[in-house]
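Please read the structure below before turning to the comments.
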Amino acid sequence: MSDIATVRPSVAAAEAPVEVMFPRAKKRIKGRSIAVLVFLSMAALFFCVPLYVLVVTSFKSMDQIREGAIFSLPREWTIEPWIYAWSQACSGITCTGLRGGFWNSVAILFPSLIASISLSAVTGYALALWNVRWTGAFLFLLFLCAFVPFQIIMYPLIVITVGMGIYGSLWAVAFIHTVLSMPVLTLIFRNYYKDIPADLTKAAIMDSGSFWQIFIEIILPMSGNILIVVLIMQVTHIWNDYLIGVTFGGLGAAPMTVNLANMVTVSTGTVAYNANMAAALLTAIPPLFIYFLLGKFFVQGISAGAIKG
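Going by the UniProt record's numbering, the residue at position 180 of the sequence shown is 180; the numbering climbs one at a time, nothing skipped.
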């Protein structure tokens, strides 16, 4: 009992000076926390105010918009701008609104996703598995290709797609998305697969497993994190792209972003701001839905090292 009685005061005595020794440091830390909180609040306000204007304007009538009170709530909430943006707005010489562009974007997205992710995954695994003589040079070439501006290679790609007979079609847009995304995705997959223990593949090779058997039965089941990360990256990039769609897609192959840019009213030619705001929100919904659906796994993939230098 005496030992316990002597220990407790000593513990309290050891802890007490800590509270008194660093008052200035605590004030500095508290001041920094407040400064960070203020900065983050201002940043959130900076991004949320335009989003608020976007949403409320999409439900206003044009008469209220002309009054100039952009921050006011709609006097009468109406979904007419949303209906107009989806099915009646003109794009070029057609008047299909965003509806036609939506299905074009879907038709571009799925083959681009399947081709770019599958080809990049196989290539990345091969580069991680086989350390041959020219692997370093090939990786350096991929690194250079990943940072070549699209505008520099745009004309050669047009010549290639014209020669293939697909220019102006959905296949041309999907093909360009696949080609341009492969260097970056290959490097990402290669860095991820490089950290997989070599003992797993060596044991499979000793059991006479082929390259494809090892990749499909061993590597792919371990690739959940990286596949989710790459999937969200590709969906966001492909869906939100405008330049590739307007360059390689024809009148019948324009994605949703091109239709959004070309929206005008049929009668007067003036800009229907409420319909434009509604169209912008409609265009942004699909990638946001994918992110909200898989965002948890995206963060887990980043934390698990799916993206590394």
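Note that the Cβ used here is the ideal one computed from N, Cα and C, for glycine as well.
Inter-residue spacing [alpha-carbon to alpha-carbon] between residue i and residue j
i	j	result
residue 177	residue 111	10 Å
residue 122	residue 140	18 Å
residue 226	residue 118	12 Å
residue 78	residue 278	11 Å
residue 38	residue 46	12 Å
residue 280	residue 50	12 Å
residue 91	residue 70	Note that residue 91 scores a pLDDT of 47, beneath 50, so its modelled location is shaky and nothing firm can be said.
residue 55	residue 271	17 Å
residue 262	residue 65	21 Å
residue 189	residue 84	43 Å
residue 296	residue 290	11 Å
residue 149	residue 242	15 Å
residue 131	residue 138	11 Å
residue 224	residue 62	48 Å
residue 208	residue 192	24 Å
residue 74	residue 43	26 Å
residue 200	residue 210	13 Å
residue 48	residue 32	24 Å
residue 159	residue 151	14 Å
residue 145	residue 157	14 Å
residue 35	residue 216	50 Å
residue 76	residue 294	36 Å
residue 268	residue 300	For residue 268, the pLDDT reaches just 47, beneath the cut-off of 50, and the residue's location in the model is therefore unreliable, leaving the point undetermined.
residue 107	residue 206	43 Å
residue 133	residue 260	49 Å
residue 165	residue 41	52 Å
Closest Cα partner of residue i within the set the options
i	options	result
residue 155	244, 83 and 169	244
residue 252	33, 173 and 85	173
residue 147	158, 136, 160 and 180	180
residue 384	68, 70, 60 and 98	Here the chain comprises residues numbered 1 to 309, so residue 384 is not present and cannot be evaluated.
residue 221	196, 236 and 145	196
residue 237	206, 198, 184 and 276	184
residue 53	116, 276 and 145	276
residue 285	86, 41 and 44	86
residue 320	233, 260 and 103	Outside the shown range of the chain, which is 1 to 309, sits residue 320, and nothing can be said about it.
residue 126	159, 254, 76 and 198	198
residue 103	217, 254 and 133	254
Inter-residue CB distance, residue i and residue j (contact presumed, cutoff 8 Å)
i	j	result
residue 283	residue 98	7 Å
residue 324	residue 163	Residue 324 is absent from the model: the chain starts at 1 and stops at 309.
residue 231	residue 109	So it is not a contact: roughly 11 Å between Cβ atoms.
residue 246	residue 258	5 Å
residue 161	residue 175	7 Å
CB contact flag (residue i, residue j, <7 Å)
i	j	result
residue 292	residue 228	no
residue 274	residue 72	no
residue 186	residue 124	yes
residue 182	residue 120	yes
residue 204	residue 219	no
residue 256	residue 101	yes
residue 128	residue 194	yes
residue 239	residue 287	yes
Residues that DSSP places opposite residue i in a beta bridge
i	result
residue 168	249
C-beta neighbour in chain B for residue i, strict 7 Å
i	result
residue 244	The question asks about chain B, but that chain is absent: this structure has only one protein chain.
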